[in-house]
Amino acid sequence: MSATPLAQPQRRCLLTRVAAATLVLAAATPVTVAYAASPSAEVSPTAVAPGGRVSLNVTGCGTKTGTASSSAFGDVRLNPGNLEATNLFGGATVFGNANSGTHTVTFECGGPGGRRVTASLQVTSGAARGGLGGSMGATSTGRIALGATLAAGALGTGIWVLRRRSRLT
Numbered sequence: 015m016s017a018t019p020l021a022q023p024q025r026r027c028l029l030t031r032v033a034a035a036t037l038v039l040a041a042a043t044p045v046t047v048a049y050a051a052s053p054s055a056e057v058s059p060t061a062v063a064p065g066g067r068v069s070l071n072v073t074g075c076g077t078k079t080g081t082a083s084s085s086a087f088g089d090v091r092l093n094p095g096n097l098e099a100t101n102l103f104g105g106a107t108v109f110g111n112a113n114s115g116t117h118t119v120t121f122e123c124g125g126p127g128g129r130r131v132t133a134s135l136q137v138t139s140g141a142a143r144g145g146l147g148g149s150m151g152a153t154s155t156g157r158i159a160l161g162a163t164l165a166a167g168a169l170g171t172g173i174w175v176l177r178r179r180s181r182l183t
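All the letters of the sequence shown, read from the start, carry residue numbers 15 to 183 under my numbering.
Right under this line is the structure:
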């Protein structure tokens, strides 16, 4: 009977060690699985005119540094999107004289020799819209004439109201 009380502390110690080892393994597994897969990359928008901006994002690098490069915009340094560095992001302006067509964007995790993944960027013909961020469409002569007529009418009404008010006082 004296063996039973001594066996219980040893069993508890063994169970504690097994539980601790399981906890450490469970905590490390998601990190290992997340970075075991190859990185994936995204360029948004996928089609842009010369002079336009694109967003660059790569996930699954497992590093806090990276680059993206293309003949459409050159080399861009990517920054970590969070403390765990599960994604890297950046932005680029497409060269104003970039050739129309499909350009390969190469994302590289870490320094030279790091894991690589590619994505495509379509450069369309035509210039990027400027001014109001491309929010306005083409303006016709009729729209300009209508706008000028409305502005002249508003100005004339304002002058008429002010003159009438000055005569009444």
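Note that beta-carbon positions come from the ideal geometry of N, C-alpha and C, so glycine has one too.
On a predicted model such as this, the values are computed, not experimentally measured, just so you know.
Of the listed residues the options, nearest to residue i (C-alpha basis)
i, options, result
"V131", "N111, A61, L102 and N113", "L102"
"T77", "A166, G127, G156 and V175", "G127"
Reduced DSSP secondary structure (H/G/I, E/B, other) of residue i
i, result
"R178", "helix"
"G167", "helix"
"G127", "coil"
"L97", "coil"
"T73", "strand"
"T60", "coil"
"T79", "coil"
"A159", "helix"
Beta-carbon proximity check, residue i vs residue j, cutoff 7 Å
i, j, result
"V68", "A112", "no"
"L70", "G104", "yes"
"S54", "G74", "yes"
"F87", "V62", "no"
"S85", "H117", "yes"
"G115", "G65", "no"
Buried or exposed (CB count within 10 angstroms, at least 16 for buried), residue i
i, result
"T81", "buried"
"V175", "exposed"
"A166", "exposed"
With three or more beta-carbon pairs closer than 8 Å as the criterion, would you say the region 79–93 touches the region 114–132? Yes: the two stretches touch, three or more of their Cβ pairs being nearer than 8 Å.
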